[in-house]
Amino acid sequence: MLQFTNASQCHCPPCLYKERPIMTIAIFCILISALMPLGCAAIAKSGTFKTPRKDGGYDNLDPRAWEDKQEGWRKWATNAQANCWEALPFFGMAIIVSHILGIIGWLPNTLAVTFIVLRSLYIYLYVTGKQSLRSSVWFLALLVNIALFLLPIFY
0 MLQFTNASQC HCPPCLYKER PIMTIAIFCI LISALMPLGC AAIAKSGTFK TPRKDGGYDN
60 LDPRAWEDKQ EGWRKWATNA QANCWEALPF FGMAIIVSHI LGIIGWLPNT LAVTFIVLRS
120 LYIYLYVTGK QSLRSSVWFL ALLVNIALFL LPIFY
């Protein structure tokens with residue numbers, strides 16, 4: 000829910016709020032979603048920093064070439080990272096559109112948290128090589144995102 004303090008602090012033209020809004024759970028989920036790719040990168044690179052570059056350790060001089068040489072769960076974590084970056088703009092836009100159109104409260108917050116939970120499960124399934132279940136979870140997260148975007152029509 001929004002809490003208001005002072006209408007003069009709002010600078011949106013035209014002003015949609017009588018007073019200044021606070022951060023919602025759904026908007027905070029955008030930050031979590033933006034950090035998820037970094038978590039995937041950390042998984043992919045874990046345990047490689049102490050190994051010399053010539054022995055297959057992480058190569059900060061040429062990280063893309065290092066990523067291309069990875070196999071198994073490291074490669075899958077890198078792929079999950081790329082997919083997280085791809086999912087972020089749509090998720091962020093869906094939250095912002097619903098908020099701009101006045102849909103703020105328990106439903107967008109619940110859908111946003113559901114999206115984050117599904118994406119976290121997606122990353123786990125990706126890194127552990129469970130492709131068929133991973134695709135189902137990806138599709139469910141997409142449906143949640145579409146629901147968030149269309150929420151202003153039905154709410």
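Numbering (numbering that gives the first Met the number 0), first residue to last: 0 to 154.
For each residue, glycine too, the CB sits at the ideal point set by N, CA and C.
DSSP, reduced to helix, strand and coil, places G104 outside both helices and strands of the structure shown, so it counts as coil. The C-beta distance from A41 to T77 rounds to 11 Å, too long to meet the 8 Å contact threshold.
In the three-state reduction of the DSSP assignment, I21 falls in the coil class, being assigned neither a helical nor a strand state.
Taking 8 Å as the cut-off, the Cβ atoms of I122 and A111 do not count as close.
The Cβ atoms of Q80 and C39 lie closer than 8 Å to each other.
Between the beta-carbon of A86 and that of R118 there is about 7 Å, and that keeps the pair under the 8 Å contact cut. For K49, no alpha helix (DSSP H) encloses it, and the DSSP letter there is neither H nor E. With respect to P151, S97 sits close: the two C-beta atoms are nearer than 8 Å.
Excluding five sequence positions before and after A33, the CB atoms of its chain that fall closer than 7 Å to its own CB belong to L87, given in chain order. Inter-segment contact for the segment 102-116 and the segment 22-30 is present: three or more beta-carbon pairs are separated by less than 8 Å.
G56 and F89 have their C-alpha atoms spaced approximately 34 Å apart. The beta carbon of A146 is closer than 7 Å to those of L110 in its chain, skipping five residues each way along the sequence.
In the DSSP annotation of this structure, the continuous segment of the alpha helix (DSSP H) that includes L132 starts and ends at Q130 to F153.
If you ignore the 5 residues before and after L100, its C-beta comes within less than 6 Å of the C-beta of P151, all in its own chain and listed in chain order.
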